[in-house]
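J.:
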Amino acid sequence: MENLLPQLALAPAEGRDPKDYFGRAMSDVWLEVGFGGGEHLVWQAEAHPDIGMIGAEPYVSGMAKLLSHIAEKDSANIRLYMEDATDIIDSLPPSSLGRVFILFPDPWPKTRHHKRRFIQTAMLDALARALKPGGELRFATDDAGYLVWALERLMAHRAFVWLAQCPGDWRVRPTDWPQTRYEAKALHGVPIFLRFQRVP
Ligand SMILES: C[S@@+](CC[C@H](N)C(=O)[O-])C[C@H]1O[C@@H](n2cnc3c(N)ncnc32)[C@H](O)[C@@H]1O
């Protein structure tokens, strides 16, 4: 962690094109919020070597786990931020991300904690600004309460359109979307997979 993290860590700089955080030219940049153990982040980085992957995760054990995954690999297209993903999202210039992944975020089931949920209308406004038109927001949860909460806000938001055409589109995880540790645990219920497109 002492060796690899300083090489991969980024410090969000106001208005900086996220492609500049990488040591070589990237065709696009994707962000994963709360990557946990990092399995999904590493899979996407390996499957898309020309895409810059930014992962934000304040959980130290998660960061350590991710670094152990990438220790043996070429990590030129991964950059990490060990704090609140909101800092990065707010720092980005408009239309600078191609995809955002929010996979099994903490559900905060108690009503008095709902304000801590990552999906809030203000956050969707920020993501709509940072995502390119045609970009994608991927969200997954196994918590029925959080699912309803997220759908209510996403469906009401003018910048996002749900890409599902049939139940299989939200019941079945797409093939370019590997399972995360929290999906495998499915502590709260049935995992649901949502893909929303950022419309102009
Ligand atoms: C329930 S875990 C899911 C982890 C992983 N996405 C998975 O599916 O296995 C939620 C993760 O989000 C992280 N997290 C919570 N709030 C965050 C924030 N504001 N920015 C970045 N990560 C956050 C937590 O530290 C935690 O590791």
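Per this note's numbering: the sequence shown ends with 779, consecutive numbering throughout.
A virtual CB, placed ideally from N, CA and C, is assigned to each residue, including glycine.
(1) Would the C-beta of A709 count as close to ligand 1, meaning under 7 Å from any of its heavy atoms?
(2) Heavy atom of ligand 1 less than 7 Å from the Cβ of A664, yes or no?
(3) What residues match up with L682 in a beta bridge as DSSP calls it?
(4) For D663, which residues of its own chain have a beta-carbon under 8 Å away from its beta-carbon, when the five flanking residues on both sides are left out?
(5) With 16 as the cutoff for other CB atoms within 10 Å, does S654 come out buried or exposed?
(6) At which residues does the alpha helix (DSSP H) containing Y528 begin and terminate?
(7) Taking the C-alpha atoms as reference points, what is the distance between N656 and P770?
(8) At a cut-off of 7 Å, is P688 close to ligand 2 when judged by its beta-carbon and the heavy atoms of the ligand?
(9) Should E651 go down as buried or exposed, given a rule of 16 or more other Cβ atoms within 10 Å for buried?
(10) Is Y761 near ligand 1, judged by its Cβ being under 7 Å from some heavy atom?
(11) Bridge partners for L589 per DSSP, in chain order?
(12) Who does W728 pair with in a DSSP beta bridge?
(13) At a cut-off of 7 Å, is L682 close to ligand 1 when judged by its beta-carbon and the heavy atoms of the ligand?
(14) Taking the alpha carbon of L703 as the point to measure from, which residue in P628, R717, V621 has its own alpha carbon closest?
(15) Among I698, R678, L620, which one has its Cα closest to the Cα of G780?
(16) Under DSSP, the alpha helix (DSSP H) around G641 begins and ends at which residues?
T.: This is what the structure gives:
(1) no
(2) yes
(3) A719
(4) A635, P637
(5) buried
(6) Residue 528 is absent from the structure shown; the chain starts at 580 and stops at 779.
(7) 29 Å
(8) The model on display carries ligand 1 but not ligand 2.
(9) Classification of E651: exposed, given that the 10 Å Cβ count is below 16.
(10) yes
(11) DSSP output for L589 lists no bridge partner at all.
(12) BP columns for W728 are empty, so no partner.
(13) Yes, since a heavy atom of ligand 1 falls inside the 7 Å radius drawn around the Cβ of L682.
(14) R717
(15) The requested residue 780 does not occur in the structure, where the chain is confined to residues 580 to 779.
(16) 639–649
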